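Beneath this line is the structure, given in structure tokens, with notes to follow.
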Amino acid sequence: MSAAEADLDGFRARLALERRCNATEAAARLGVGIERFKRVVDAAGLAPIAEEDVRKYGRILRVRYWRAGDLDELGDHVRADQELREAAIAAGLREAARKAAATRRRNIELAKVARIELELRRPRDEAGPVESLAWTLALMRVAGVWPSGLRDWRHVSDPLVDGVAELLRQARLGRDALTGMLDAVRGPALEAGRALACPATVAATLGVPIEVIAPHVPQLAGHVPRTVLAELAAEPPPWLLEARADLLLRETAAQSARELAEERSAVLESAGRAVARLDDASVAELFGLPEEAVRLLRPRSGCWSAEHVGHLIRERPRWTRDAGAAWAEVERRRERARRRLERRRGRARRRDERRRERLE
Numbered sequence: 341m342s343a344a345e346a347d348l349d350g351f352r353a354r355l356a357l358e359r360r361c362n363a364t365e366a367a368a369r370l371g372v373g374i375e376r377f378k379r380v381v382d383a384a385g386l387a388p389i390a391e392e393d394v395r396k397y398g399r400i401l402r403v404r405y406w407r408a409g410d411l412d413e414l415g416d417h418v419r420a421d422q423e424l425r426e427a428a429i430a431a432g433l434r435e436a437a438r439k440a441a442a443t444r445r446r447n448i449e450l451a452k453v454a455r456i457e458l459e460l461r462r463p464r465d466e467a468g469p470v471e472s473l474a475w476t477l478a479l480m481r482v483a484g485v486w487p488s489g490l491r492d493w494r495h496v497s498d499p500l501v502d503g504v505a506e507l508l509r510q511a512r513l514g515r516d517a518l519t520g521m522l523d524a525v526r527g528p529a530l531e532a533g534r535a536l537a538c539p540a541t542v543a544a545t546l547g548v549p550i551e552v553i554a555p556h557v558p559q560l561a562g563h564v565p566r567t568v569l570a571e572l573a574a575e576p577p578p579w580l581l582e583a584r585a586d587l588l589l590r591e592t593a594a595q596s597a598r599e600l601a602e603e604r605s606a607v608l609e610s611a612g613r614a615v616a617r618l619d620d621a622s623v624a625e626l627f628g629l630p631e632e633a634v635r636l637l638r639p640r641s642g643c644w645s646a647e648h649v650g651h652l653i654r655e656r657p658r659w660t661r662d663a664g665a666a667w668a669e670v671e672r673r674r675e676r677a678r679r680r681l682e683r684r685r686g687r688a689r690r691r692d693e694r695r696r697e698r699l700e
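When we follow the numbering used here, the leftmost residue of the sequence shown carries the number 341, and every step to the right adds one.
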């Protein structure tokens, strides 16, 4: 005590070194984040002086404590970890720069190849309206510019346009270059659009769906040059004649199937109406039985329905096979009705007797 009183500042400093610090306090003491503190402690092999379980946030957490004096000795480890991190970041930046340079070189090579391909595919003066319009639509799609007169084509999708647009993207042309190319081809593109017939007109003129025509003629999303359409209409090639014949055959078969279905439906309706009008004489004639027996064998509804007669035809009960069996069925039903009536009267009589007994 006397020594502590003699040197209070030293005693307080030594006492502070013995303070227990958890991970959060230790990281703040070293001026680093918690994750870096845990990494430094693991690298230095510094073991905690105490551990305890604390219930917090509805869970049991494992809390570790370190001696403050031991933490102060980790300064060199913290600096070493910082240097390692900086070296790793620098190495990562160099690797990223190397990859970026390689990517730029590869993109430059791809752009050169794409520009050569574009030059080869650029429509010449003798190009047809399909090629001219496809080139223009690809330019408009990549540049994001839709001049007046061509805006109706902005939603057209065709593999020819998609291929040119992909080449334009790979060529990495600037917006000014794209708009300049677009201005140069806008006039021919307008003429090309007017020179193409829409899919509905093509199908109506040639008499076959556009899907059949597309593989055989130059077309852009089903739009065919009017000159080609006129030639096909004037002199149909063999493939067009075969397509028309196939379509006519399918339509004829479908019409025949519809007519057959309508005829069958009419016959069934007529038969249903005839069966619905069945009387005793018709049923007697159908089964070859006496009309009087048939009248006595009516169903409970009192009339002959198509469903009931159809059921008798399918099942053919014994009484429908000959007159003797029919009269026997009549007698059986009469006897059953008589017994049912007697049972009903007996129940009524016993009920009356019980009522009189209760009254007496």
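Just so it is clear, CB atoms sit at the ideal spot from N, CA and C, and this is done for glycine as well. Just so it is clear, the structure is predicted and the values come from calculations on it, not from any experiment.
| Query | Result |
| --- | --- |
| Cβ contact check for the stretch 550 to 563 and the stretch 466 to 477: 3 or more pairs under 8 Å | yes |
| Inter-residue spacing [alpha-carbon to alpha-carbon] between R662 and E675 | The residue you asked about is not Arg; residue 662 is Asp in the sequence shown. So the alpha carbons of these two residues sit roughly 20 Å apart. |
| CA nearest to the CA of D416, picked from V381, A583 and D465 | V381 |
| Beta-carbon spacing of V418, V372 below 8 Å | yes |
| Which of helix, strand or coil DSSP assigns to E457 | helix |
| Buried versus exposed call for V394 [16 or more other C-beta atoms within 10 Å across all chains shown] | exposed |
| Sequence-distant residues of its chain with Cβ nearer than 7 Å to P639 (five each side left out) | H648 |
| Pairwise C-alpha distance: R584 and T519 | 45 Å |
| 8 Å CB neighbourhood of A535 in its chain, flanking five on each side removed | P469, P565, R566 and T567 |
| C-beta contact flag for A383 and D421 at 8 Å | yes |
| Neighbour-count burial assignment, Q559, 16 or more Cβ in a 10 Å radius | buried |
| Environment of I653 [buried if 16+ CB atoms lie within 10 Å] | exposed |
| Buried/exposed call for C361, threshold 16 Cβ in 10 Å | buried |
| Host beta strand (DSSP E) of D502 (start-end) | Premise fails: D502 lies in the alpha helix (DSSP H), P499 to A511, not in any beta strand (DSSP E). |
| Beta-carbon spacing of L490, A529 below 8 Å | yes |
| V482 versus A554: straight-line alpha-carbon distance, rounded | 26 Å |
| Close-in-space but distant-in-sequence residues of the same chain around E697 (CB under 8 Å, 5 per side omitted) | none |
| Complete alpha helix (DSSP H) runs within the stretch 370 to 397 (minimum length 4 residues, chain order) | 374 to 384 |
| Buried or exposed (CB count within 10 angstroms, at least 16 for buried), L629 | buried |
| Residue nearest to L513 in terms of C-alpha spacing, selected from I550, R455 and L626 | R455 |
| Alpha-carbon spacing of A573 relative to Q510, whole angstroms | 41 Å |
| Exposure label - L424; buried when at least 16 CB within 10 Å | exposed |
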